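Each position in the sequence shown, counted from 1, maps to that position plus 185 in our numbering.
Where is the CB? At the ideal position from N, CA and C, for every residue including glycine.
As the structure is a computational prediction, the values presented were derived from the model and not from experiment.
Report on one structure; see the data block that follows.
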Amino acid sequence: ATLEDLEWLGLHWEGDVRRQSEGVGLYREALDALADAELVYPCFCTRKQIRAEIEEASRAPHGPSGELLYPGICRHLGAKDREYRMAHGEPFAWRLDVARAMALAGHLDWYDCRAGWVTARPDLLGDVVLGRKDSPTSYHLSVTLDDHLQGVSLVTRGEDLFHATHIHRLLQALLGLDTPRYYHHNL
Numbered sequence: 186a187t188l189e190d191l192e193w194l195g196l197h198w199e200g201d202v203r204r205q206s207e208g209v210g211l212y213r214e215a216l217d218a219l220a221d222a223e224l225v226y227p228c229f230c231t232r233k234q235i236r237a238e239i240e241e242a243s244r245a246p247h248g249p250s251g252e253l254l255y256p257g258i259c260r261h262l263g264a265k266d267r268e269y270r271m272a273h274g275e276p277f278a279w280r281l282d283v284a285r286a287m288a289l290a291g292h293l294d295w296y297d298c299r300a301g302w303v304t305a306r307p308d309l310l311g312d313v314v315l316g317r318k319d320s321p322t323s324y325h326l327s328v329t330l331d332d333h334l335q336g337v338s339l340v341t342r343g344e345d346l347f348h349a350t351h352i353h354r355l356l357q358a359l360l361g362l363d364t365p366r367y368y369h370h371n372l
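Here's what the structure looks like:
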């Protein structure tokens with residue numbers, strides 16, 4: 186029904202429509218590449234545990250919109266602890282080690298049609314989730330790969346996603362993907 190609605194509006198596209206459900210293998214490959222480079226780590230924390238840690242911290246990290254950020258609880262778990270917990274089926278999410286990834290990628294920027302050249306600051310969002318034990322992708326990983334695979338040269342989206350672009354630019358660099366221009370419009 187969605188495609189019919191787009192056609193009714195007079196919108197047309199080249200080639201086949203890509204569905205995220207068909208790209209699971211590609212998302213898994215990208216996540217595996219990041220894991221092989223030691224740029225992601227398993228996080229075993231529940232949301233409740235993260236909230237409790239933040240409440241106990243005197244100066245919890247905050248994102249650009251004031252939201253509380255993941256404080257890095259599992260970032261420094263030892264390999265044996267990680268392997269044991271994973272082998273015993275403990276649920277986990279794959280988080281990007283943003284500090285390590287930024288050190289590898291170096292200085293990055295991207296172009297927004299309204300803001301001009303923007304220096305990428307993925308550290309503003311902290312160690313974001315890129316996938317889960319049972320799902321090989323998150324919004325950040327899937328949209329970055331999908332834009333590249335479809336040859337998107339201009340990403341147009343709401344300004345509420347402006348800060349997410351910092352993470353997307355870092356993922357583009359880490360995975361060797363093209364960087365499109367962006368236009369973040371008013372909502």
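Other residues of its chain near Ala305: CB distance less than 7 angstroms, five sequence neighbours each side excluded: Leu293, Asp294, Trp295, His351, Arg354, Leu355
Please classify Arg306: does DSSP put it in a helix, a strand, or coil? coil
Test item: CB-CB of Arg366 and Leu330 under 7 angstroms: no
Smallest Cα separation from Arg203: which of Gly336, Leu346, Asn371, Tyr368? Gly336
If you count every other CB in all the chains shown that lies within 10 Å of the CB of Ala215, and 16 or more means buried, which is it? buried
So the alpha helix (DSSP H) Leu359 belongs to, where does it begin and stop? 349 to 360
Inspect the beta-carbon positions of Leu254 and Gly311 and report whether they are closer than 7 angstroms. yes
Could you please give me the residues that DSSP links to Pro321 through a beta bridge? Beta-bridge pairing links Pro321 to no other residue.
Express the C-alpha separation of Trp302 and Leu359 in angstroms, rounding to a whole number. 20 angstroms
Could you tell me the alpha carbon to alpha carbon distance between Gly274 and Pro249, rounded to whole angstroms? 34 angstroms
Our contact map puts Trp279 next to Pro227 with C-beta atoms below 8 angstroms; I'd like the distance itself, whole angstroms only. 6 angstroms
Straight-line gap, Ser206 to Ala288 (C-alpha atoms, nearest Å): 32 angstroms
Check whether His369 and Asp308 have beta carbons under 7 angstroms apart: no
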